[in-house]
Structure formats: structure tokens, C-alpha cells
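One structure below.
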Amino acid sequence: MPLRILFIVPYVPDLVRVRPFHFIRSLSQRGHHVTVLTVRTDQRDENLLADLKKICSEVHSVRLPRWRSLANALKALPTMAPLQSMYSWHPKLANQAADLVKKRNGTNGFDVVHVEHLRGLRYGTYVKSEMVRSELNVPVIFDSVDSISLLFRQAAGASSSVISRAVTKFELKRTERLEGQLAQLVDRVLVTSEKDKNFLSALSQGTSADAISVIRNGVDLNYFCPEKTVTREPGTIVVSGKMSYHANVTMVQTFIEKIMPYVWAVRDDVKVWIVGKDPSRSILALSKDPRVTVTGTVPDIRPYLNRVSMAAAPIAYGVGIQNKVLEAMACSTPVICTPQAASALKAVPGRDLVVADDFEDFAKKTLWMLADKQQQQYIGCNGRLYVENNHRWESVVSQLELVYEQAIDEINHRINL
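Residue numbers (my numbering): 6 to 422.
Okay, here's the thing in C-alpha cells:
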């Protein structure tokens, strides 16, 4: 039976913010009525909203300029709230969400309220409190995506940026406190990996394991696929991701400064393409080496994934599932990564991807892969098969539907007691 879903997301979903975008699109394609509430910041967001309106029932948005987000974060400083949890807050959007739920009750009411990311959590708790006041019973599903506390614990010690280390240390206790309360604030929590689930369960002692569900990330296999007409360039490596994000900055610097010197000592012709939006100054500086190309924002990452010999993800710290790894695998591009990047996957090392334990091991396996075209094809083809079997959005969203139905049944059961 089609569900009526109120989907609240603290940024405009697109093909970069893939998880909410594909949830919304796939749910709509499966016959559900999805109403999206979000905040917009600039003209790019306005353009994305036009695309979003094509794939769901309704879209409502409120303008949230960056200065207001920064003001929200400053207001949180003297409180116990994480700055992240206040960053995307706008009372107008919160009231709009509550009004939609209250006005559309009965047979035309929403069946589920889905809230995305820690930045959106306050909208979910606000709507839930308003529903309690109005004696409405609609489950609130919070997609944490990852455990931000787990990320901050790692970043506080491993980030290459002094500022990132300071901010994450400042936020850590606040975030742990809030994530420890999630099961009491909402009806169901979603994460992308067992590791994140176990960490959140430990933070919220006494919470039933059923309150937290693992819904993995998917890949659009029609969009990310091998391009048979393109010939891969020998001796080329791509490293991708949002290049202002502290974990990716650390990853790229580690790769160029700690791993590639081993590689270049044997093969000084190997080229590295660093592909992703908003590269930091430290990353831009790496392009002084003619063997390193920093592209900045690109309209489409697929040509890079399909041209290179291999993709590297030497992630020093991180949480959840790494989309950059799945997207490369979907293009049959062989991937070499750290155990941290592979830990949330069911992929078999040595068959579906290559896992390296330290800098020297990473360099040795990179050289081995670059020298063996047959091995590149073997790992690449198996990587594609892995994502086909484990990360189709259709199967991911069917699991999400099941969580929705379980939450609705639990609410109805409590009402009938």
C-alpha cells in the first residue's frame, strides 16, 4: 500500500548527497507519496530544487543564508547542543513541517516522518513534540547516516588540520550526549553500517537493538557503469571526494606525502588525479608536482573513473559506507583502500577490491596493480559484481520500506493497548 511520507532534509538532495536523493526518487518510483521539506542556500540550490520537484509529490523550502547558519552555531555555543544540530535550523521550516502534519491528519495524513542527518534532527523532535500536543501518532524515523560521535572521536586525533581537531574535540561530548538520547527522541534510528549501529547502541545504554536499523548505501548502477568505448590510461590513479571535508583532506595529503613517494621511487611516471569540489589550500598546493592534477569541481566524475587504471581510497578515519569506493567499483575501476574504507562492506579483499594495511603495503600493492592489467580487470569486474549483488538502490529502499512498516505497526500496537 502506498505510504504518505514527509521527508525533512537539511540540505537540497542531489547526486552528491546521494542517500536522501535516491531514497526520495526510489520511494516515489515505487508509488509512495513523498513530500520534501528542505532549506536552500544559493542559486545552485534553487536549480536543484527544480530537479527535485520532478521526482516527488511536493517540495517545500525555506531560504537559509550561510550567515544565519553561522549565527545558529554561535547561539549553540553556551548550550549543550552540538553546533551541527543547530546549523540548519529555521523556525519557519519547523512550523511548516508541524502544520503539514497537523492539517493532513486522518485518512489523508502522513504515515511516516523521515528526518535526515544530525543537522535535521531538531526538526524531527520539534514535529514529534507538536504531534504529542495534538494527540497525533505518526512515527518519526531519523536517518543518522553515520555516528557523528564516532567520526569526531577519530578526527580529534587523526585529522591533518589543527582547526578540525580543535572543533571535533569541542563538539565530541555534546554530540555523544545527543546521540546517546536518539532512541528516546525518535521512533527509529537508521545508520549505514553495523559499526555505527554498535557505537550508537553503546552510547544509549539500555536501548533495544531493534531501535537502530542498518540501511546501507546503494549505487545507481545505470549511472555508474563501465564505459566500454573508453580506454584506460596506463599509470593513472584517481582519488575522489569532497575536498574541503577534513577526512578527505587528510586522506589526500596522506596519499601524496606518505604513499606516493614509495611509488614514484619505482615508477616516476605515475599520475594522480585528485577529483572533487572545493579543494582546500593544502590540496591545491599538491598540484605543484606536475604528476598531480587537482581538478576542483567537475560536472561528472564518471569520465575520470572510467579513464584511470585504478582508484585509491587511503582513508585514515571515517564512518559509514564510503560512496567513493562503491562508485568506482560500479565503474569496474579496481579499488585499493585501507581497512577503514572497507570495514562497512561485505566485499572480499583480493577479489572485489584490494586492502592495504600501512603506507608501504599500500605502495607495494599500488605498484603491483599498475603493472598487471589482467589483475586490474579481475578486481574491477568483481567489484562491479559485488555492488550489483549488494548495493542496488531498489533492494536498499525495500529494506527502508520494511522499517517504515514496522514503525507504523509499533505505533498502532501502542494505540490499541
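Each residue gets a CB set at the ideal place from its N, CA and C atoms; glycine is no exception.
Spatially closest choice to residue i from the options, by CA coordinates
{"i": "residue 309", "options": "397, 158, 230, 184", "result": "230"}
{"i": "residue 95", "options": "84, 304, 72", "result": "72"}
{"i": "residue 297", "options": "258, 89, 282", "result": "258"}
{"i": "residue 141", "options": "122, 52, 114", "result": "114"}
{"i": "residue 265", "options": "151, 61, 244", "result": "244"}
{"i": "residue 22", "options": "7, 10, 53", "result": "53"}
{"i": "residue 70", "options": "47, 89, 87, 81", "result": "47"}
{"i": "residue 8", "options": "407, 278, 241, 170", "result": "407"}
{"i": "residue 124", "options": "171, 137, 75, 112", "result": "75"}
{"i": "residue 312", "options": "201, 358, 77, 235", "result": "235"}
{"i": "residue 67", "options": "388, 151, 420, 43", "result": "43"}
{"i": "residue 217", "options": "226, 200, 228, 223", "result": "200"}
{"i": "residue 412", "options": "145, 220, 352", "result": "145"}
{"i": "residue 134", "options": "107, 20, 158, 159", "result": "107"}
{"i": "residue 147", "options": "132, 63, 322", "result": "132"}
{"i": "residue 356", "options": "348, 345, 385, 328", "result": "385"}
{"i": "residue 103", "options": "80, 343, 65, 372", "result": "65"}
{"i": "residue 168", "options": "219, 210, 158, 251", "result": "251"}
{"i": "residue 227", "options": "263, 393, 6", "result": "393"}
{"i": "residue 253", "options": "156, 358, 188, 185", "result": "156"}
{"i": "residue 287", "options": "273, 262, 267", "result": "262"}
For residue i, the first and last residue of its enclosing beta strand (DSSP E)
{"i": "residue 148", "result": "145-150"}
{"i": "residue 251", "result": "No beta strand (DSSP E) contains residue 251, which is instead part of the alpha helix (DSSP H) from 251-259."}
For residue i, the three-state DSSP class (helix, strand or coil)
{"i": "residue 276", "result": "strand"}
{"i": "residue 28", "result": "helix"}
{"i": "residue 334", "result": "helix"}
{"i": "residue 6", "result": "coil"}
{"i": "residue 355", "result": "coil"}
{"i": "residue 66", "result": "strand"}
{"i": "residue 45", "result": "strand"}
{"i": "residue 323", "result": "coil"}
{"i": "residue 130", "result": "helix"}
{"i": "residue 382", "result": "helix"}
{"i": "residue 284", "result": "coil"}
{"i": "residue 112", "result": "helix"}
{"i": "residue 140", "result": "coil"}
{"i": "residue 19", "result": "coil"}
{"i": "residue 204", "result": "helix"}
{"i": "residue 265", "result": "helix"}
{"i": "residue 33", "result": "helix"}
{"i": "residue 3", "result": "What the structure shows of the chain is the stretch from 6 to 422, and residue 3 is not part of that stretch, so it cannot be assessed."}
{"i": "residue 411", "result": "helix"}
{"i": "residue 124", "result": "helix"}
{"i": "residue 135", "result": "helix"}
{"i": "residue 93", "result": "coil"}
{"i": "residue 229", "result": "coil"}
{"i": "residue 403", "result": "helix"}
{"i": "residue 392", "result": "helix"}
{"i": "residue 235", "result": "coil"}
{"i": "residue 74", "result": "helix"}
{"i": "residue 159", "result": "helix"}
{"i": "residue 425", "result": "What the structure shows of the chain is the stretch from 6 to 422, and residue 425 is not part of that stretch, so it cannot be assessed."}
{"i": "residue 271", "result": "helix"}
{"i": "residue 247", "result": "coil"}
Whole-number beta carbon distance between residue j and residue i, since they are thought to touch under 8 Å
{"i": "residue 315", "j": "residue 374", "result": "5 Å"}
{"i": "residue 10", "j": "residue 38", "result": "7 Å"}
{"i": "residue 176", "j": "residue 83", "result": "14 Å between Cβ atoms; not a contact."}
{"i": "residue 15", "j": "residue 57", "result": "Actually they are not in contact, since the Cβ atoms of residue 15 and residue 57 sit about 14 Å apart, beyond 8 Å."}
{"i": "residue 117", "j": "residue 137", "result": "Residue 117 to residue 137, Cβ: 17 Å. No contact."}
{"i": "residue 330", "j": "residue 340", "result": "6 Å"}
{"i": "residue 197", "j": "residue 151", "result": "6 Å"}
{"i": "residue 320", "j": "residue 346", "result": "4 Å"}
{"i": "residue 13", "j": "residue 120", "result": "5 Å"}
{"i": "residue 271", "j": "residue 372", "result": "6 Å"}
{"i": "residue 276", "j": "residue 301", "result": "That belief does not hold up - the Cβ atoms of residue 276 and residue 301 are roughly 17 Å apart, past 8 Å."}
{"i": "residue 191", "j": "residue 129", "result": "6 Å"}
Cross-strand partners of residue i (DSSP beta bridge)
{"i": "residue 196", "result": "150, 219"}
{"i": "residue 291", "result": "Note: residue 291 sits in no beta bridge, so no partner."}
{"i": "residue 397", "result": "224"}
{"i": "residue 315", "result": "242"}
{"i": "residue 40", "result": "11, 63"}
{"i": "residue 118", "result": "11, 145"}
{"i": "residue 297", "result": "277"}
{"i": "residue 360", "result": "342"}
Run of the alpha helix (DSSP H) containing residue i, from where it starts to where it stops
{"i": "residue 312", "result": "307-312"}
{"i": "residue 184", "result": "167-184"}
{"i": "residue 371", "result": "364-376"}
{"i": "residue 100", "result": "96-108"}
{"i": "residue 85", "result": "Premise fails: residue 85 is in no alpha helix (DSSP H) and is neither H nor E."}
{"i": "residue 189", "result": "187-190"}
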